[in-house]
Amino acid sequence: MKRSKRLDYTLVAEGHAEYAFIPAYLRLMESKFDLQLVRSKLGFKGEKAGKSKVLKEAGSIFSVAVEQGHQMLIVGVDLDKADYEREQIEHTKECEMLLGKLGKVYKIFGEQIVHFVTVQAIEQWLGYQSHRVSIGKSYSPHSLEAKTQSELKKLLYGEKDTGSIVERVAKKIAENADFDELAKQSRSFAHFHKQVTNFLEQYKTSST
Numbered sequence: 004m005k006r007s008k009r010l011d012y013t014l015v016a017e018g019h020a021e022y023a024f025i026p027a028y029l030r031l032m033e034s035k036f037d038l039q040l041v042r043s044k045l046g047f048k049g050e051k052a053g054k055s056k057v058l059k060e061a062g063s064i065f066s067v068a069v070e071q072g073h074q075m076l077i078v079g080v081d082l083d084k085a086d087y088e089r090e091q092i093e094h095t096k097e098c099e100m101l102l103g104k105l106g107k108v109y110k111i112f113g114e115q116i117v118h119f120v121t122v123q124a125i126e127q128w129l130g131y132q133s134h135r136v137s138i139g140k141s142y143s144p145h146s147l148e149a150k151t152q153s154e155l156k157k158l159l160y161g162e163k164d165t166g167s168i169v170e171r172v173a174k175k176i177a178e179n180a181d182f183d184e185l186a187k188q189s190r191s192f193a194h195f196h197k198q199v200t201n202f203l204e205q206y207k208t209s210s211t
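Numbering (this note's numbering), first residue to last: 4 to 211.
So this is what it looks like as structure tokens:
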């Protein structure tokens with residue numbers, strides 16, 4: 004039996020929810036593309052790093068990841084505010100800032116980098132799909148941008164948002180999510196999802 008092609012990736016993100024949601028999302032994507040996606044131990048798993056630490060250390064972490072032969076480098080931060088504009092100017096500016104912080108790593112290895120900026124926070128992505136695990140209701144596209152981070156966290160985690168609770172909820176939602184639907188609900192997720200899809204399509208057909 005032919006083994007699936009392996010892809011090693013490194014994830015650098017702000018907190019517990021990202022480290023639960025994104026690997027679970029990628030496990031579903033790997034089955035779609037018949038790939039074996041393996042996350043490296045690099046990054047901030049098990050701690051709430053925050054935006055400043057991600058921006059400061061992502062470049063050096065990715066340098067190590069490249070030396071270790073990791074093919075996909077994923078980095079993301081929260082926008083920490085709403086962006087109602089059709090063109091999502093604030094989201095675009097934050098993406099440019101994020102990539103700029105990677106410096107030479109982005110200039111040299113930009114084709115290996117997938118980036119995301121969640122409008123408000125990653126809880127916006129989770130909130131749209133929370134109805135699939137009977138946590139929240141069904142929300143219309145772009146409607147959760149009006150809710151603050153604190154509102155979204157209370158909606159998803161209740162009064163307690165400890166690391167273990169956040170990870171459990173984020174993982175459960177990701178494992179039951181309809182990502183094509185989420186891409187229609189959240190433009191910031193669509194931006195990320197398109198990059199991942201394109202990367203995996205190209206990697207699957209590459210000769211390496």
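We put the beta carbon where it would ideally sit given N, CA and C, even for glycine.
In the structure shown, what three-state DSSP assignment does residue i receive?
| i | result |
| --- | --- |
| H118 | strand |
| L14 | strand |
| D37 | coil |
| G161 | coil |
| I138 | coil |
| R30 | helix |
| G79 | strand |
| K175 | helix |
| R9 | strand |
Go ahead and label residue i buried or exposed: buried means 16 or more other beta carbons lie within 10 angstroms of its beta carbon, across all protein chains shown.
| i | result |
| --- | --- |
| M100 | exposed |
| K156 | buried |
| Q91 | buried |
| D81 | buried |
| I111 | exposed |
| S141 | exposed |
Hey, out of the options, whose CA is closest to residue i's CA?
| i | options | result |
| --- | --- | --- |
| R6 | F36, Q205, D164 | F36 |
| K174 | W128, V57, S143, G103 | W128 |
| K56 | K140, R42, V78 | V78 |
| E114 | Q74, T151, C98, S153 | Q74 |
| H118 | L31, L147, K163, E21 | E21 |
| G53 | T95, D83, I176 | D83 |
| L76 | A61, D86, P144 | A61 |
| V199 | E17, R9, D11, M32 | M32 |
Just to check my reading of the structure: residue i and residue j have Cβ atoms closer than 8 Å, yes? What is that Cβ distance to the nearest angstrom?
| i | j | result |
| --- | --- | --- |
| V15 | G46 | 5 Å |
Item to check | Whole runs of the alpha helix (DSSP H) within the segment 84 to 113, excluding any shorter than 4 residues | outcome: 92 to 104, 107 to 112
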